[in-house]
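Undergrad:
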Amino acid sequence: MLSWYRRNARDLPWRRTRDPYRIWVSEIMLQQTRVAAAVPYYERFLKRFPDVKSLARAKESDVLAAWSGLGYYSRARNLHQAAKQILARGAFPDDYDSLRELPGVGPYTAAAIASIAFGLPRAVVDGNVRRVISRLTCGSGRAEEVAEDVLDRKRPGEFNQALMELGATVCLPREPKCPMCPVADLCEARRQGRQADFPIRPPRPARVRVTRTLVLAMRNRKVLLALRNGFWELPEIEQVPDAAVGRDVGQFRHSIMNHDYTVTVREARVSRAPRGCEWVVESNLYKMPLSTMTRKALARSSRTVFGGGASAAGGPGSTSMSGSSPCRRISVSSIPIQTSASTPNIRSKNRVN
Ligand code: SF4
Numbered sequence: 269m270l271s272w273y274r275r276n277a278r279d280l281p282w283r284r285t286r287d288p289y290r291i292w293v294s295e296i297m298l299q300q301t302r303v304a305a306a307v308p309y310y311e312r313f314l315k316r317f318p319d320v321k322s323l324a325r326a327k328e329s330d331v332l333a334a335w336s337g338l339g340y341y342s343r344a345r346n347l348h349q350a351a352k353q354i355l356a357r358g359a360f361p362d363d364y365d366s367l368r369e370l371p372g373v374g375p376y377t378a379a380a381i382a383s384i385a386f387g388l389p390r391a392v393v394d395g396n397v398r399r400v401i402s403r404l405t406c407g408s409g410r411a412e413e414v415a416e417d418v419l420d421r422k423r424p425g426e427f428n429q430a431l432m433e434l435g436a437t438v439c440l441p442r443e444p445k446c447p448m449c450p451v452a453d454l455c456e457a458r459r460q461g462r463q464a465d466f467p468i469r470p471p472r473p474a475r476v477r478v479t480r481t482l483v484l485a486m487r488n489r490k491v492l493l494a495l496r497n498g499f500w501e502l503p504e505i506e507q508v509p510d511a512a513v514g515r516d517v518g519q520f521r522h523s524i525m526n527h528d529y530t531v532t533v534r535e536a537r538v539s540r541a542p543r544g545c546e547w548v549v550e551s552n553l554y555k556m557p558l559s560t561m562t563r564k565a566l567a568r569s570s571r572t573v574f575g576g577g578a579s580a581a582g583g584p585g586s587t588s589m590s591g592s593s594p595c596r597r598i599s600v601s602s603i604p605i606q607t608s609a610s611t612p613n614i615r616s617k618n619r620v621n
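When the letters of the sequence shown are read in order and numbered with this note's numbering, they come out as residues 269 to 621.
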């Protein structure tokens, strides 16, 4: 595995360092972002925040701005909070248990930093490793236990990366490149011709269809928003019983997990913010966690109101809205998004390629 890895490893910026800070940033970014997409963000982020101190002392809005476009903003917030904790401790945690105490660092991320930066014998199990092990063993062992058993304890960081690289570039989900695989002779699934049977996936839950109507109400350069599960959203029509509802400004589809939403956005006049809602100054939207659904709703309304798409509303990605009053503009392209499915610390096993 190690000699294969040394010959075939992709040249990635986080592989040129053993600086725990840089490895940590890369691991957090890679939890929900593909390698090719993460590279430019990684380089820009490190240029802006080259070490723990600069990140810890930054304003949250600056951290979010540097993360803007990567999505799953709780990752950036956790990174920021963790940097403050590290600065307060006076040193980067250098063992698995201390790493696990940092916000946003789950078992996978802690094992990755511990093994790659500090050479500690901790096996990592991400989605790629799980697939490789599942095929090697025909699903006969727990991936975590097998990974611990086979780990090269003299070079755990390199070995972990080799196994992940094998899954990312050779043992592919749909068409594994078995003739190129350095462990093909050990692979039970290959011997049985059953590569496609592994990993065994649980049955997919049935899709649930949901219709929602969101209310777009504006007043004095403020937009009415509701706080729901930690994210700000346009309120649903049921939340604003006194609204004078006007025309549809758009409809779109949106999926979260196994829910398929059909969302209609309607303009409305609202005199008083109902319970659970607030009037939010437009210029503050960029620093608030907005749901993806709300961002989509804002963009949709732009196209409808101006009829000529976003450019008519003030350039690409900007949205204008109006009721019967003069148009007001919101630049949605600069608004950080969080999806309600954003639980990267829990999903750290799902490092993507
Ligand atoms: S032989 Fe094929 S299925 Fe088995 S680990 Fe290698 S690439 Fe994956």
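Where a beta carbon is used, it is the ideal one built from N, C-alpha and C, also for glycine.
Could you give the C-beta distance for A565 and L484, rounded to a whole number, given that I count them as a contact under 8 Å?
TA: With a Cβ gap of about 7 Å, A565 and L484 count as contacting.
Undergrad: With distance defined between alpha-carbon atoms, name the residue in Q519, L553 and P424 nearest to Y273.
TA: P424
Undergrad: Mind checking whether the beta-carbon of L404 lies closer than 7 Å to any heavy atom of the ligand SF4?
TA: yes
Undergrad: Can you give me the Cβ contacts of R284 inside the same chain, cut-off strictly under 6 Å, excluding the 5 residues immediately before and after it?
TA: Exclusion of the five residues before and after R284 leaves no residue of its chain whose Cβ lies closer than 6 Å to its Cβ.
Undergrad: Could you compute how far the alpha carbon of M556 sits from the alpha carbon of R368?
TA: 27 Å
Undergrad: Residues in the same chain with beta-carbon distance under 8 Å from V478, minus the five sequence neighbours each way, listed in chain order, please.
TA: H527, D528, Y529 and T530, listed in sequence order.
Undergrad: Among the residues of its own chain, which have a CB less than 6 Å from the CB of N396, if the five just before and after it don't count?
TA: The residues are M432, G435 and A436.
Undergrad: At what residues does the beta strand (DSSP E) containing M525 begin and finish?
TA: It is not in any beta strand (DSSP E) - M525 carries neither H nor E in the DSSP assignment.
Undergrad: Starting from K555, trace the beta strand (DSSP E) both ways and give me its first and last residue.
TA: Segment: none, K555 is in no beta strand (DSSP E) and carries neither H nor E.
Undergrad: Can we count P441 as close to the ligand SF4, meaning its CB is less than 7 Å from some heavy atom?
TA: no
Undergrad: Let me know the secondary structure DSSP gives F313 once reduced to three states.
TA: helix
Undergrad: Nearest chain B C-beta to A391 closer than 8 Å, yes or no?
TA: Among the chains in the structure shown there is no chain B, since it carries only a single protein chain.
Undergrad: What are the partner residues of G518, as DSSP defines its beta bridges?
TA: V533
Undergrad: State the beta-bridge partners of W282 as determined by DSSP.
TA: According to DSSP, W282 bridges with nothing at all.
Undergrad: Under the three-state reduction of DSSP, which class applies to E501: helix, strand or coil?
TA: strand
Undergrad: First and last residue of the beta strand (DSSP E) that includes V491?
TA: K490 to R496
Undergrad: Verify the contact flag: C449, CB atom, against every heavy atom of the ligand SF4, threshold strictly below 7 Å.
TA: yes
Undergrad: Under the criterion of a Cβ to heavy atom distance below 7 Å, does V393 qualify as lining the ligand SF4?
TA: V393: no, Cβ never under 7 Å from the ligand SF4.
Undergrad: Might you give, ordered along the chain, the residues of its own chain that have their beta carbon closer than 8 Å to the beta carbon of L482, omitting 5 neighbours on each side?
TA: Same-chain partners within the cutoff: E501, L502, P503, E504, I505, V531, T532, V533, R534, M561, T562 and A565.
Undergrad: Which stretch, first to last residue, makes up the beta strand (DSSP E) that contains L482?
TA: V476 to R487
Undergrad: Is A512 helix, strand or coil by DSSP?
TA: strand
Undergrad: When DSSP labels each residue in this structure, what does C545 get in the three-state scheme?
TA: strand
Undergrad: Should L347 go down as buried or exposed, given a rule of 16 or more other Cβ atoms within 10 Å for buried?
TA: buried
Undergrad: Looking at the unbroken alpha helix (DSSP H) that takes in R415, where does it start and where does it end?
TA: Reading the sequence as shown, one finds Ala at residue 415 and not Arg. Residues A411 to V418.
Undergrad: Look at the alpha carbon of A304 and the alpha carbon of L298, and state the distance between them as a whole number of angstroms.
TA: Roughly 10 Å separates the two Cα atoms.
Undergrad: Give the straight-line distance between the Cα atoms of T377 and V508, rounded to the nearest whole angstrom.
TA: Within the model, the alpha-carbon separation for T377 versus V508 is close to 43 Å.
Undergrad: Sorted by chain position, which residues of the same chain lie with C-beta nearer than 8 Å to R403's C-beta, five sequence neighbours on each side aside?
TA: C439, P444, C455, E456, A457, R458, Q463, F466 and P467
Undergrad: Can you tell me whether DSSP reads A578 as helix, strand or coil?
TA: Below a pLDDT of 50, predicted positions are generally treated as unreliable, and A578, at 34, falls in that range; the measurement from the model is reported next regardless. The answer is helix: DSSP assigns A578 an H, G or I state.
Undergrad: Please state the DSSP three-state secondary structure of M653.
TA: The question about residue 653 has no answer, for the chain in this structure spans 269 to 621.
Undergrad: DSSP three-state label for R274, please.
TA: helix
Undergrad: Going by the C-beta, is P444 closer than 7 Å to any heavy atom of the ligand SF4?
TA: yes
Undergrad: By the 10 Å Cβ neighbour count, where 16 or more other Cβ atoms means buried, how is A306 classified, buried or exposed?
TA: buried
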